[in-house]
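Student:
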Amino acid sequence: TDAHTAELAAAAARIAPAIPWHFVNNLSRLVVDPERFPDEREEMLAVGMGAVYTRTTHREPLRPPEGDPTSLLEAYFHPYAAAMTEAVEARITAAGRAVIIDVHSYPTEPLPYELHGTGPRPPVCLGTDPFHTPPELLAAAEAAFGSRVGPDGIGYDTPFAGTYVPLRHYGTDRRVTALMIEIRRDTYMSEPGGPAGPGLDTLA
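Printed below as a string of C-alpha cells:
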C-alpha cells in the first residue's frame, strides 16, 4: 500500500556501490501490517490499526473489532517476522552486522488515522530509534538526501517516527542498525494514486 516504494528501493539498489538484500512485503497492510507490534505496545491500536487492522486509513470499519486476529497473525505476520529475522541473522553471520533501511511513503495531506498528523510534513522524513540508529547512519542519509532536497527538506520522526527492527533483536542487539525513510509522495508521483514521475529516479 506504499505507492511505488518498491520501485524506488529497486532503483536505489541498482546504483548502490554494494548490492543490498531486498525484503519486500508483497501483501497490502490491510491484510496484516508486519511492522506493528502484535500486542498492546502498539499505539496505533487506538485507531484500530494494530498488526491486524479493524479500521481503514479513513477510520472506516474494515473488520469487527471483537474479531480474533490469530489466524491472520499465524498465516502472515509471524512468517514474515520469522523470515525477516532469518535474513537479518544471515547478514550478521556473514558480515558481523545488519543495516535495515525501511522505505515508506506518505501523502502531502494528513489522513484521518494519523496520530501525529499536525506536525511538519517534509519531503523526506527520517525515522530513528535511539538504540538502533547510530549517528553515522543518520549522517549518511542526511548527506544523500540533502543533495537532492536540501537540508531544510529533511525532517526527523515527523510525521512518522521510529524504524523497524525484528523483535528478537529490538532494543538488545547493537549489531542491528536501522533507519526508516519516509518520502512525501508529491516529490516523485502524482497524488493520490497516479504514476511515478522523474522525481523517483532523482530520489533514488
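Last residue of the sequence shown? That's 1167 in the numbering used here, and every number before it is there in order.
Note that CB positions come from ideal geometry on N, CA and C, so glycine has one too.
#1: Are A1104 and I1144 close, meaning C-beta to C-beta below 8 Å?
#2: Is R977 helix, strand or coil when you go by DSSP?
#3: As a quick exercise: from D1120, V987, G1082, L1025, pick the residue whose alpha carbon is nearest that of G1090.
#4: Grab me the residues of E970's own chain with a C-beta within less than 7 Å of its C-beta, minus the 5 sequence neighbours each way, in chain order.
#5: Output needed for R1147: all residues of its chain with C-beta closer than 8 Å, excluding positions within five of it in sequence on either side, in chain order.
#6: In terms of residues, what are the limits of the beta strand (DSSP E) holding H1067?
#7: Whose CA, out of R1022, E1023, Y1016, E1037, lies closest to the CA of G1030?
#8: Between which residues of its own chain and R1022 is the CB-CB distance below 8 Å, once the five residues before and five after are set aside?
#9: According to the neighbour-count rule (16 or more other Cβ atoms, all chains shown, within 10 Å of its Cβ), is I978 buried or exposed?
#10: How many Å lie between R1138 and P983 at the Cα?
#11: Taking DSSP as the reference, what is the three-state secondary structure of L1078?
#12: Which residue comes first and which comes last in the beta strand (DSSP E) that contains T1165?
#13: Please identify the residue among V1128, A1046, A1124, A972 whose C-alpha is closest to the C-alpha of M1007.
#14: Looking at the unbroken alpha helix (DSSP H) that takes in V1112, where does it start and where does it end?
#15: Provide the residue(s) that pair with T1140 in DSSP beta bridges, ordered along the chain.
Tutor: Well, looking at it:
#1: Indexing the sequence shown from 1 puts residue 1104 at position 141. Indexing the sequence shown from 1 puts residue 1144 at position 181. Yes, the pair counts as a contact, with Cβ atoms nearer than the cut-off.
#2: Within the sequence shown, the letter at position 14 stands for residue 977. It is helical.
#3: Indexing the sequence shown from 1 puts residue 1090 at position 127. It is D1120.
#4: As a first step, residue 970 must be located in the sequence shown, where it is residue number 7. The residues are A1159, L1163.
#5: Numbered from its first residue, the sequence shown carries residue 1147 at position 184. S1068, Y1069, P1070, T1071, R1084, P1085, P1086, V1087, C1088, listed in sequence order.
#6: Reading the sequence shown from its first residue, position 104 is the one you call residue 1067. Element bounds for H1067: 1061–1069.
#7: Taking the sequence shown and counting its residues from 1, one reaches residue 1030 at position 67. Closest by alpha carbon: Y1016.
#8: As a working mapping, residue 1022 is identified with position 59 in the sequence shown. Excluding five sequence positions before and after R1022, the CB atoms of its chain that fall closer than 8 Å to its own CB belong to V1010, G1011, P1075, Y1076, given in chain order.
#9: As a first step, residue 978 must be located in the sequence shown, where it is residue number 15. Exposed, by the Cβ-count rule.
#10: For the purposes of this step, residue 1138 is taken as residue 175 along the sequence shown, with counting starting at 1. For the purposes of this step, residue 983 is taken as residue 20 along the sequence shown, with counting starting at 1. Taking the straight line from one Cα to the other gives about 17 Å.
#11: The count along the sequence shown starts at 1 and reaches residue 1078 at position 115. For L1078, the secondary structure class from DSSP, reduced to helix, strand or coil, is coil.
#12: In the sequence shown, the residue the question calls residue 1165 occupies position 202. Unbroken run through T1165 is the alpha helix (DSSP H), 1162–1166; no beta strand (DSSP E).
#13: By one-based count along the sequence shown, residue 1007 stands at place 44. Measuring from the Cα of M1007, the nearest candidate turns out to be A1124.
#14: As a working note, residue 1112 is residue 149 in the sequence shown. Counting along the chain, the alpha helix (DSSP H) containing V1112 begins and ends at 1098–1112.
#15: As a first step, residue 1140 is located in the sequence shown; it is residue number 177 there, counting from the start. According to DSSP, which records beta bridges pairwise, T1140 is partnered with V1062.
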